[in-house]
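What follows is a set of notes on a single structure, which appears directly below.
Numbering (the numbering used here), first residue to last: 6 to 156.
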């Protein structure tokens, strides 16, 4: 997503807690580095700039420990300017990874409550057996979200 946003002219702050993620990104020959900033930080320590236009959280928020999720979500909501967009995924309570206590999962009702400060442009719930990026079988229960912060 970072490469595509840069290609389309966005200023991008890429955030990850894993240095290897940036190693892969920065090795790309098609990377437009002049509009890219990187920040190596955990969910617990995350701060975001004020008045951002877009937060793209692709498949990362479920890996925030539950004890820190409410603060992280408030940071996201607060940093978006009015009419700014959030897009990303949350894992549902029926996802096979819901058994792991260090990951955050939500019911549909909880997702809808989180999205109260937003106009929901898209909220798709996906549920099916499948495989992970590394080929492991799992049951997916995912909420795909695109939402615009209310003005």
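Glycine residues also receive a C-beta, built at the ideal position from the N, C-alpha and C atoms.
Note that the coordinates shown come from a computational prediction; the quantities given were computed from them, not determined experimentally.
Environment of residue i [buried if 16+ CB atoms lie within 10 Å]
| i | result |
| --- | --- |
| residue 58 | exposed |
| residue 152 | buried |
| residue 31 | exposed |
| residue 77 | buried |
| residue 19 | buried |
| residue 154 | buried |
| residue 97 | buried |
| residue 146 | buried |
Backbone CA spacing between residue i and residue j [nearest angstrom]
| i | j | result |
| --- | --- | --- |
| residue 66 | residue 111 | 11 Å |
| residue 50 | residue 27 | 18 Å |
For residue i, the three-state DSSP class (helix, strand or coil)
| i | result |
| --- | --- |
| residue 74 | helix |
| residue 20 | strand |
| residue 131 | strand |
| residue 90 | strand |
| residue 36 | coil |
| residue 147 | strand |
Neighbourhood of residue i by C-beta, 6 Å cutoff - its chain only, sequence neighbours within 5 removed
| i | result |
| --- | --- |
| residue 109 | 67, 69, 71, 74 |
| residue 120 | 152 |
Distance cut-off 7 Å: residue i Cβ against heavy atoms of the ligand PLP
| i | result |
| --- | --- |
| residue 27 | For the structure depicted, the ligand PLP is absent and the ligand set is empty, with no information on it obtainable. |
- Query: Per the contact definition of three or more C-beta pairs closer than 8 Å, is the stretch 82-91 in contact with the stretch 132-145?
  - Reply: no
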